[in-house]
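Numbering (the working numbering), first residue to last: 698 to 950. In this text, a Cβ means the ideal position worked out from N, Cα and C, and glycines have one as well. Nothing here was measured: the structure is a model prediction, and the numbers come from that model.
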């Protein structure tokens, strides 16, 4: 359970709605489940407000299913990233109601969605080719309980497209800016807002892009203040970090 759900359980106990044994059983659950091939972190949501995320690449569909089932014994939701369509079909057959986000290569499953926090995370995408990474960030931030606004195809090659979305951009609490090629967009955005900017370089570009290295180095050397940078194509990492930043101003009910 998340910190918010733990607080709710304690409030129910104080109000006499759940027993002491139920509370003790919940908090005395072992911190990990040993599946042989994986040790599932069962206390991740208590520390991070979201269960352990399953990285799908390199795992068999059967392994993903077993990890997902272990998580769902105690949780209401899980997220799988970097999942192929073929693997997703098997996982979906075991988790009815799960959703495969093909563009983002993510799978989400939730019995009960998290309450949406105050604030908004804006995901800005420089070009259409960067959309898979931007969508991974958006899906991650959304399932973690955030309002997400997607703003696509606003790269610096046509600056008027960015300026046309300025009101929506400046109203965000946190901004994720995804770009390939030379990776210039985060610097431009950082100069227009007073909010945290998380830059995500993508591997999109021609030869001297070096698989995203040019964009990464450009973002690391940004002259825009307040820019932090995640790894190449790491939309998940950006979405997770943005969610944690957005949670700082949110007070659990």
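With 16 other Cβ atoms within 10 Å as the buried cut-off, status of residue i
| i | result |
| --- | --- |
| residue 827 | buried |
| residue 732 | exposed |
| residue 742 | buried |
| residue 899 | buried |
| residue 704 | exposed |
| residue 798 | buried |
| residue 702 | buried |
| residue 891 | exposed |
Alpha-carbon spacing of residue i relative to residue j, whole angstroms
| i | j | result |
| --- | --- | --- |
| residue 854 | residue 758 | 41 Å |
| residue 935 | residue 716 | 40 Å |
| residue 919 | residue 893 | 14 Å |
| residue 767 | residue 748 | 11 Å |
| residue 889 | residue 833 | 25 Å |
| residue 846 | residue 830 | 15 Å |
| residue 707 | residue 901 | 48 Å |
| residue 861 | residue 723 | 50 Å |
| residue 947 | residue 792 | 31 Å |
| residue 843 | residue 906 | 33 Å |
| residue 763 | residue 813 | 28 Å |
| residue 769 | residue 911 | 41 Å |
| residue 786 | residue 750 | 19 Å |
Nearest neighbour of residue i, chosen from the options [CA to CA]
| i | options | result |
| --- | --- | --- |
| residue 835 | 924, 902, 720 and 897 | 897 |
| residue 929 | 945, 878 and 889 | 878 |
| residue 773 | 806, 790, 802 and 792 | 806 |
| residue 915 | 939, 941, 850 and 884 | 884 |
| residue 837 | 711, 933, 820 and 735 | 933 |
| residue 868 | 823, 858 and 815 | 815 |
| residue 779 | 865, 803, 821 and 917 | 803 |
| residue 942 | 737, 864, 785 and 871 | 871 |
| residue 839 | 937, 729 and 740 | 937 |
| residue 744 | 866, 700 and 922 | 700 |
| residue 755 | 739, 740, 771 and 735 | 735 |
| residue 940 | 712, 852 and 811 | 811 |
Assigned secondary structure, residue i (DSSP; H/G/I helix, E/B strand, else coil)
| i | result |
| --- | --- |
| residue 850 | coil |
| residue 732 | coil |
| residue 796 | strand |
| residue 896 | strand |
| residue 775 | strand |
| residue 707 | helix |
| residue 933 | helix |
Cβ-based neighbour list, residue i, same chain, cut-off 8 Å, excluding 5 preceding and 5 following
| i | result |
| --- | --- |
| residue 825 | 849 and 850 |
| residue 909 | 877, 898, 899, 900, 901, 902, 929 and 930 |
Beta-carbon contacts of residue i that lie in its chain and below 6 Å, excluding the five residues immediately before and after
| i | result |
| --- | --- |
| residue 765 | 775 |
| residue 924 | 883, 887, 894 and 896 |
| residue 808 | 773 |
| residue 926 | 896, 916 and 917 |
| residue 880 | 898, 912, 915 and 916 |
| residue 796 | 805 |
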